[in-house]
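These notes are about the structure you will find just below.
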Amino acid sequence: MAIAIGYVVGARQAKVNLNHPVSKWNDRAPLLGAAVGAVVLWGVVRLYNGDVSALYIVVAVVGGAIVGTAVGVLAGRLAKKGARVEINVQAVAATAVASALTAEIGWVIFKELINKVEWPSAKQRIPFPQLDVVTGTALQVGGVTIQRSAIFTVAALVVCAVLLWFFINRTRLGRGMQAVSQDPDTARLMGINVDRIIVVAFALGAVLAAIAGVSQGLQNNNIDFRMGFLAGLKAFTAAVLGGIGNVYGAVVGGLVLGVVEAMATQYIPGQFGGSTWKDVWAFVILILVLVFRPQGLLGARVVDRA
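374 is the number of the first residue of the sequence shown in the working numbering; add one for each residue after it.
See below:
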């Protein structure tokens with residue numbers, strides 16, 4: 374980042390011949406050399422002794438900028454035929470100063486964050502916040518025990534599925550999203566802002582992922598850095614099971630996958646039953662669907678015609 378900021382500042386000070394295009398590397402060699410030399414020598418000094426004085430650091434940065442500039446000038450001279458930027462002292466100085474200031478400020482901020490902020494351990498489980506309404510005492514319906522977190526998950530699924538269906542099928546933005554998914558070039562010609570549609574799609578996916586993360590946190594009562602790996606595999610399995618690109622198929626695939634895991638855990642006897650084998654049976658279902666119905670349960674077979 375320091376090199377990039379220093380280069381931008383220095384490039385604004387450089388005299389560019391606007392009558393010819395700027396070559397990619399030859400003209401920028403002195404500026405890049407000054408930035409890289411300053412930052413590299415500053416980093417070496419910091420690694421050698423972290424508590425050096427500010428004056429010593431300034432001398433090291435300036436020396437690195439001078440050496441780097443000399444190397445850049447030499448590289449530019451070797452390719453003088455393609456060089457189209459005039460080298461001036463002001464651009465080199467601006468690059469060196471911007472790189473030094475950015476690197477020093479970044480180092481101070483990084484050191485303060487590391488030393489003064491109490492960071493949680495990534496290897497430990499962190500308790501998930503408990504909500505009385507959602508994570509209270511389990512409900513008894515007949516002889517069946519239903520966790521409140523499971524009710525929240527199913528309710529969130531229904532609400533999200535209905536709202537997603539309405540958004541995709543009843544709004545202009547949703548219909549534009551369908552058009553972009555089918556043919557982005559034609560959609561752009563029809564006046565649809567493809568970039569905006571892509572941003573909305575990613576934002577919508579982030580919102581749904583956040584809801585899914587809250588649901589899983591309420592189910593497990595703890596969170597850790599590995600909790601999303603298996604859930605992501607299950608989500609992909611559910612999407613393939615229902616049909617890639619089919620929103621309703623993803624909902625059905627997720628429900629079928631959950632029922633299969635629960636039934637396998639409860640009713641398959643012997644060493645192939647129990648909770649330790651539920652993930653295995655889920656992926657067995659995925660393999661069977663890929664072999665016998667690759668388009669998924671609700672997916673339509675698409676035929677390309679010449």
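By construction, the Cβ of each residue, glycine as well, lies at the ideal position given by its N, Cα and C atoms. Every value quoted in this text rests on a predicted model; they were computed, and no experiment measured them.
Endpoints, beta strand (DSSP E) assigned at residue i
i, result
"L670", "Note, L670: premise wrong, no beta strand (DSSP E); not H, not E."
"Y513", "Going by the sequence as given, residue 513 is Gln instead of Tyr. Residues L512 to V514."
Cβ shell of residue i (< 8 Å), same chain only, five flanking positions each side left out
i, result
"F501", "G590, L591, N593, N594, N595 and I596"
"S554", "G618"
Nonlocal neighbours in the same chain, by C-beta distance under 6 Å from residue i, ignoring five residues either side
i, result
"G549", "I565 and I570"
"T526", "S588"
"T559", "none"
Cβ pair residue i, residue j closer than 8 Å
i, j, result
"G669", "G615", "yes"
"A511", "S588", "no"
"W650", "V633", "no"
"A411", "A448", "no"
"L414", "G445", "no"
"T442", "G416", "no"
"D568", "L603", "no"
"I660", "L630", "no"
"R498", "T508", "no"
"L537", "V573", "no"
"A467", "A438", "no"
"I584", "C533", "yes"
Sequence-distant residues of the same chain with beta carbon closer than 7 Å to residue i, five excluded per side
i, result
"V625", "G615, L670 and L671"
"Q551", "I541"
"A623", "A611, A612 and G615"
"R561", "V567"
"G647", "T638"
"K607", "L630 and A655"
Delimiting residues of the alpha helix (DSSP H) encompassing residue i
i, result
"T638", "V620 to Y640"
"F656", "K651 to F665"
One or two residues paired with residue i in a DSSP bridge
i, result
"I499", "I596"
> What runs of the alpha helix (DSSP H), each 4 residues or longer, lie entirely inside the stretch 517-602?
Replying inline: 521-543, 545-555, 557-562 and 567-593
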